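Numbers 633 to 1025, taken from this note's numbering, label the letters of the sequence shown in order. A virtual CB, placed ideally from N, CA and C, is assigned to each residue, including glycine. In this text the structure is predicted, and so the values were computed from the model without any measurement. Structure first, then comments.
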Amino acid sequence: MPFIVVALVAVLTADVLLLTRPDASLAPGEAVRATPRQTPLAQKRPLRPPARQTQPPAQQPVTTGQPVAPLSKLHKPNLFVLTNKPFTNEMLQKVARLSGVRALELADAASVTLDGKRVQTLAVNPSTFRSYTPKVTASSDALWQNVAAGDVAVSFVLGNDGGLTLHSRVSAGGARQLRIGAYATTGFGAVDAVVSKEVGRALGLPRDNALIVSAPKANSDTLARKIKKVLGKGTQVATVNPVLPQPRQKVTERSWPAGSFMSGEQLTVALRAAVSKLGRPYVWGAEGPDTFDCSGLVQWAYGQAGVRMPRVTHQQWVTGPQVPLSQAQPGDLLFWRNDPTNPDYISHVAIYWGNGKMLHAPRTGDVVKIVPVNTRNLAGVVRVSPIAAAKVR
């Protein structure tokens, strides 16, 4: 049986999903309209001839039998709520009545073995869930029709960097196989795969244990505390696109108190640890000591210096202040936005080595290496603060 996802994150760059019954959507308020269109990352499934069945019954595609509703509105998710039991109508109403809540969406959440990798997965209603995803992803009718037809949509990083070829078939939860129907980063923390509710049932995901909340005008921290209070023990809440009070002044490196950043000794230890792994293979989701993905290498190397780094790239993006590339120092982190399905998403990280070079774990089929800094799609440079890093969840 898959186990319930517990690695929730509070990240400034993440999105949140919440799923209610299709006929029970709460008043969404103002929302952005998006014109449905097909993206090059998700093409319609080719029609298959009515040939004899060659798959065993357990591997037959699971479909909804219903067309996916067109996109009419977008809801920006702000909180992701996880419980250890299914949401009831009473629980949903308690959340719905909280000040500032505009829309809710229910989902099933669990960790599933996909192509031999443990992948945090959401099972959703494609017709309603699409409204809570980034515009590029939400607008693709083909993408969501493929999910409804039994495909799995995986994040751009899992697909492109992790070696899951678009439209290939991979093992899922044992003997069953799923087709990679699209690359689509939803931006929900560490969630890297989305399937339909029907496929989720076949895979054994728990029912209705996740809720996506859109509350664009409510303080996210305050609302999270209220949700925990009304839902009680066992409730976990992560912020996604958090709504928080704006700081009175821009936070810069100079505004941080003395001792906020890594010492020279810590930087030396972290850089030596990272360079000791040159030539080690990239493996999606790997945290060392023999294989790594990009953020896993950062977490492991800085951990050797006593710095508690969060696990994934968009969390590491908020572990300190941003500095200009021209002022980058060895040990700073470089970040990129390479994901065409979610252009605002932080999808890759590298360690600045100095003299215009960087050390990183690139992608499946490659190894840890030192290369010239690539400035295409560069999001920025972060100077790591151990104090800030330890607070990111």
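Legend entry - Backbone CA spacing between I1019 and Y934 [nearest angstrom]: 13 Å
Inset, instruction - Can you check DSSP and say which residues form a bridge with R750? - result: T745
Inset, instruction - Classify Q868 as helix, strand or coil using the three-state DSSP reduction. - result: DSSP, reduced to helix, strand and coil, places Q868 within a strand of the structure shown.
Legend entry - Alpha carbon of L965 to alpha carbon of P699, nearest angstrom: 44 Å
Legend entry - C-alpha distance - F712 paired with H992, whole-angstrom precision: 31 Å
Legend entry - Residues bridged to R811 (per DSSP): R801
Legend entry - Alpha-carbon spacing of P838 relative to P718, whole angstroms: 8 Å
Inset, instruction - Give the single residue among R904, P962, E919 and Q961 whose Cα lies nearest to the Cα of P942. - result: E919
Legend entry - Sufficient close CB pairs (3 or more, under 8 Å) joining the region 907–914 to the region 994–1010: yes
Legend entry - Proximity of M990 and V1005 at Cβ, strictly below 7 Å: yes
Legend entry - Assigned exposure category for R680 - 16 Cβ within 10 Å defines buried: Only weak support exists for where R680 lies, its pLDDT of 43 falling under 50; the coordinates are left without a value.
Legend entry - Spatially closest choice to V1024 from T951, D971 and W968, by CA coordinates: T951
Legend entry - G866 classed as buried or exposed, judged by whether at least 16 other C-beta atoms fall within 10 angstroms: exposed
Legend entry - Beta-carbon spacing of A739, L754 below 7 Å: yes
Legend entry - Sequence-distant residues of the same chain with beta carbon closer than 6 Å to A982, five excluded per side: L966, M990 and H992
Legend entry - V944 versus S731 - alpha carbon distance: Distance between the alpha carbons of V944 and S731 is about 32 Å.
Legend entry - Host beta strand (DSSP E) of A842 (start-end): Per DSSP, A842 belongs to the beta strand (DSSP E) from A842 to S846.
Inset, instruction - Starting from the Cα of P848, find the closest Cα among N873, R762, A856 and K860 and give me that residue. - result: N873
Legend entry - Straight-line gap, F761 to G896 (C-alpha atoms, nearest Å): Their Cα atoms are separated by approximately 47 Å.
Inset, instruction - Within the same chain, show all residues whose beta-carbon is closer than 6 Å to that of V789, passing over the 5 residues directly before and after it, in chain order. - result: S979
Inset, instruction - Use the C-beta contact count for N721: other C-beta atoms within 10 angstroms, 16 or more gives buried, fewer gives exposed. - result: exposed
Inset, instruction - Along the beta strand (DSSP E) that carries K989, what are the first and last residues, could you check? - result: Counting along the chain, the unbroken beta strand (DSSP E) around K989 starts and ends at K989 to H992.
Legend entry - Close Cβ partners of P975 (< 8 Å) along its chain, the five nearest in sequence each way excluded: P766, V768 and R969
Legend entry - CA nearest to the CA of P956, picked from L1010, G748 and R904: L1010
Legend entry - Closest residue to A1083 among A825, G819 and F820 (Cα-Cα distance): This structure gives no information on residue 1083, because the portion of the chain shown stretches from 633 to 1025.
Inset, instruction - Please say whether Q954 and G1012 have beta carbons closer to each other than 7 Å? - result: Taking 7 Å as the Cβ cut-off, G1012 and Q954 qualify as a contacting pair.
Inset, instruction - Can you tell me which of the three DSSP states V930 falls into? - result: helix
Legend entry - Identity of the residue in D971, V727 and A1022 nearest T862 by Cα: A small fix is needed here, since residue 862 is Val in this sequence, not Thr. The option with the nearest alpha carbon to V862 is V727.
Legend entry - F761 in three-state terms, based on DSSP: helix
Legend entry - Limits of the unbroken alpha helix (DSSP H) element including P1018: P1018 to K1023
Legend entry - V944 beta carbon near the ligand COA (any heavy atom closer than 6 Å): For the ligand COA, the structure offers nothing, since it holds no ligand at all.
Legend entry - First and last residue of the uninterrupted beta strand (DSSP E) at L1010: L1010 to V1014
Inset, instruction - Write down the C-beta distance between G821 and A785 rounded to the nearest angstrom, noting that I regard them as a contact closer than 8 Å. - result: Incorrect: roughly 16 Å between the Cβ atoms, too far for contact.
Inset, instruction - May I ask which residues mark the beginning and end of the alpha helix (DSSP H) holding G986? - result: No alpha helix (DSSP H) contains G986, which is instead part of the beta strand (DSSP E) from H980 to G986.
Inset, instruction - Could you name the residues that DSSP lists as bridge partners for I1002? - result: L991
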